[in-house]
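Report on the following structure.
2 protein chains.
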Amino acid sequence: MSERSYTMKEAMLYSQRIAQLSKALWKAVEKDWQVWIKPYDLNINEHHILWISYHLEGATISEIAKFGVMHVSTAFNFSKKLEDRGLLSFSKRESDKRNTYVNVTAKGKLLLEDMYENYHDTPHSVIEGSVPMKELYGKFPEFLDVMAVIRNIYGDDFMEIFERSIKNIDETFAKNKDYQ
Amino acid sequence: MSERSYTMKEAMLYSQRIAQLSKALWKAVEKDWQVWIKPYDLNINEHHILWISYHLEGATISEIAKFGVMHVSTAFNFSKKLEDRGLLSFSKRESDKRNTYVNVTAKGKLLLEDMYENYHDTPHSVIEGSVPMKELYGKFPEFLDVMAVIRNIYGDDFMEIFERSIKNIDETFAKNKDYQ
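Residue numbers (full-length UniProt numbering), protein chains in the order written: chain A, 1 to 180; chain B, 1 to 180.
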């Protein structure tokens, strides 16, 4: 143990803390997500793939798998299903002929926009549970410590896609004043 | 929307942030956990039940379900399986005859202790990914903002069990100097 910068006790306390908190948080996020997308005949993986393709303005299967934290085969199979439903299309790019890019179709965009319009029709326990912090601090929490841990585990490219998707939502709202 | 203290854009940005971060964090925790417990022929639910019963020094099925963020039927069915393997026992308490309490048997305790002794035999990406913060701040992150959100979603009793389990690990290490 001498080469480690933490004791067994510190590791146990921390691993218990992070296991309980991340499980409880993810299960709440997952439940809100399932209730929201239920009327649209999509599962979480399918919606996540649509979401990623939309906000990255086209994504490769490996980008979807990485950013969606799912197996490449899961990303591929569900993308194919979404293509069959006319919500996604596959294409090559002139600048990059090796990779196949997944793009959201006009029909897919309409579906996503419809989902956002009905966002407040279902409860979002995670948003509601964060409102007291928004009122206290003037903004929703940023979870900088969680981001630092995730950057170390998943690498800079994961965080780069994360930032890109956040920036895209920001710009989408700047363009569509209806959603303000 | 007038009664809400946040805009649609704020809700979307925040819900994207928390969904991505909580999924990525939980998937990393889950993977480390699976690799660690694999040699012991336990799944995550089973180990989580053992873990909760051990650290709460006896727990009801509803406490296990609540704190383990699993359905009551899942908590009950896996507890029964662990009882069949001689790792848990069920009992009534004089002070509370309505509830059945789940306790870890001597055999179950030995198994858990064996697992802790072999904790460092498998990689723990979440611990390793947090070491730079430990070195920077002198301690592992506490995720106070995540805790605040979880307290609002799951209630004070969830946090009370959380604190009780953390306190119990602390005391276990104080008693067993081998693990220091």
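We put the CB at the ideal spot given by N, CA and C, even for glycine.
The criterion of a C-beta distance shorter than 8 Å is satisfied by E30 of chain A and I44 of chain A. Between the alpha carbons of V126 of chain A and N152 of chain B lies a gap of roughly 9 Å.
A residue is called buried when at least 16 other Cβ atoms come within 10 angstroms of its Cβ; D114 of chain B does not meet this threshold and is exposed.
Contact annotation for G129 of chain A against chain B: V149, N152 and I153 [CB-CB distance below 7 Å, chain order].
By the neighbour-count criterion, in which 16 or more other beta carbons inside 10 Å mark a residue as buried, V72 of chain A falls on the exposed side.
Across the structure, I64 of chain B and K97 of chain A are spaced so that their CA atoms are roughly 52 Å apart. In the assembly as shown, L110 of chain B is an exposed residue. Its beta-carbon has fewer than 16 other beta-carbons within 10 Å. For H124 of chain A, the closest alpha carbon among the candidates A:W26, A:E135, A:L112 and A:T7 is that of A:W26. Per DSSP, the unbroken beta strand (DSSP E) holding V104 of chain B starts and ends at D96 to V104.
For F143 of chain A, the closest C-alpha among the options B:E3, B:S5, B:A19 and B:T7 is that of B:A19. Closest by C-alpha distance to S15 of chain A, out of B:S165, B:R85, B:N176 and B:A174, is B:S165. Listed along chain B, the residues sitting closer than 7 Å to P132 of chain A by beta-carbon distance are N152. In this structure, the beta-carbon distance from V35 of chain B to S5 of chain A does not fall below 8 Å.
When Cβ-Cβ separations below 8 Å define contact, D121 of chain B makes no contact with chain A. Sequence-distant partners of H47 of chain B (beyond 5 residues in either direction) whose C-beta falls short of 6 Å from its own C-beta, in its chain, are I37.
Sixteen is the threshold: since fewer than 16 other Cβ atoms of the shown chains lie within 10 Å of the Cβ of L136 of chain B, the residue is exposed. By the 16-neighbour rule on beta-carbons within 10 angstroms, A11 of chain B is buried.
Residue burial is scored here from C-beta neighbours: R93 of chain A has fewer than 16 other C-beta atoms within 10 angstroms and is therefore classed as exposed.
Distance from the Cα of A59 of chain A is smallest, within the candidate group A:T100, A:L112 and A:G129, for A:T100.
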